[in-house]
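Residues in the sequence shown are numbered from 1 upward in steps of one, following this note's numbering. Just so you know, even glycine gets a beta-carbon here, dropped at the ideal spot from N, CA and C. In what follows, a structure is listed as structure tokens, so that the remarks can point back to it.
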Amino acid sequence: MTSKYTEIEIYKPITYNSYTAARYEVSNLGRVRNRRNGRILTNVARPAYASVILQIGNGQQKSFYVHVLVAKSFLPNPKGLPEVNHKNQNKMDPRLSNLEWCDRRYNMTYGDVVDRIIAGQMDHSPEFMCLENGMIYRNQTQAARELGISRSNLNEVLAGVRKAAKGLTFRWLYQMAA
1 MTSKYTEIEI YKPITYNSYT AARYEVSNLG RVRNRRNGRI LTNVARPAYA SVILQIGNGQ
61 QKSFYVHVLV AKSFLPNPKG LPEVNHKNQN KMDPRLSNLE WCDRRYNMTY GDVVDRIIAG
121 QMDHSPEFMC LENGMIYRNQ TQAARELGIS RSNLNEVLAG VRKAAKGLTF RWLYQMAA
């Protein structure tokens, strides 16, 4: 299925600090390519974020988060905010349309606020269950703390992005009733 609102891909050179990585470009859709041969670089499997390894000079390599490269290349930051937030909470989605500059506090609380807004708009309870221990939870942060897992991993399991977090699986109660 194709959308009539297809985003046009635009590439810009990657800049790292004051050094321009002239060998590479990043697109507004979150793809990184080698400028010399046009080859798209494969994302490295790093926890929760898409990243690439680039040659930065003198044979040195450095790993970069793709969402940060996209934001630095395309997204104005007039307030000098230090972090990049994923609006849809999918950390593997580095498209420009999904990114915004923010401060640390906003970035740390954004997911909880969105979860509360979504839960308030839906006609079901925001409760979820850990299938391994049968416990029912209403708060992702509290459940993650009690179970010794990260809230982002728990959220990814509930969203279907990840199968398990430290061997634990979770389901929304409204999905189990359907």
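Segment limits, alpha helix (DSSP H) that includes residue i
| i | result |
| --- | --- |
| K72 | V66 to F74 |
| R171 | Here R171 belongs to no alpha helix (DSSP H); instead the beta strand (DSSP E) covers F170 to W172. |
| T141 | Q140 to L147 |
DSSP beta-bridge partners of residue i
| i | result |
| --- | --- |
| K100 | Note on residue identity: the sequence assigns Glu, not Lys, to residue 100. According to DSSP, E100 bridges with N85. |
| Q60 | G57 |
| V161 | Its beta-bridge partners do not exist; DSSP assigns none. |
Pairwise C-alpha distance: residue j and residue i
| i | j | result |
| --- | --- | --- |
| G80 | T15 | 16 Å |
| A165 | N77 | 34 Å |
| Y49 | K163 | 16 Å |
| N34 | V52 | 12 Å |
| L147 | A22 | 45 Å |
| I149 | E83 | 23 Å |
| N85 | N107 | 6 Å |
| R31 | K87 | 18 Å |
| N153 | M92 | 12 Å |
| T109 | N155 | 13 Å |
| F128 | Q89 | 18 Å |
| G167 | L131 | 10 Å |
| V68 | N37 | 23 Å |
| P94 | Y137 | 30 Å |
| G134 | L158 | 15 Å |
| N98 | L173 | 28 Å |
| I8 | F170 | 37 Å |
Chain D within 8 Å of residue i, Cβ atoms only
| i | result |
| --- | --- |
| S73 | In the structure shown, chain D cannot be found, because there is only a single protein chain. |
N- and C-terminal bounds of the beta strand (DSSP E) containing residue i
| i | result |
| --- | --- |
| R33 | V32 to N34 |
| M129 | F128 to C130 |
Proximal residues to residue i (C-beta, below 7 Å), its chain only, five neighbours per side dropped
| i | result |
| --- | --- |
| K72 | T15 |
| L96 | N28, V70, F74 and L75 |
| N43 | A50, S51, V52 and V66 |
Beta-carbon contacts of residue i that lie in its chain and below 6 Å, excluding the five residues immediately before and after
| i | result |
| --- | --- |
| R151 | Q140, T141 and A144 |
| Y11 | E25 and S27 |
| L41 | V32 and V52 |
Any non-hydrogen atom of the ligand ADP closer than 7 Å to residue i Cβ
| i | result |
| --- | --- |
| Y106 | For the ligand ADP, the structure offers nothing, since it holds no ligand at all. |
Beta-carbon contacts of residue i that lie in its chain and below 8 Å, excluding the five residues immediately before and after
| i | result |
| --- | --- |
| V161 | N90 and M92 |
| R39 | R33 |
- Is it true that the stretch 45-61 meets the stretch 101-108, where meeting means three or more beta-carbon pairs spaced less than 8 Å apart? The stretch 45-61 makes no contact with the stretch 101-108: fewer than 3 CB pairs, one atom from each, lie closer than 8 Å.
- Query: Three or more C-beta pairs closer than 8 Å, one from the stretch 61-78 and one from the stretch 22-34: is that the case here?
  - Reply: Yes, since at least three Cβ pairs between the stretch 61-78 and the stretch 22-34 fall closer than 8 Å, the two stretches touch.
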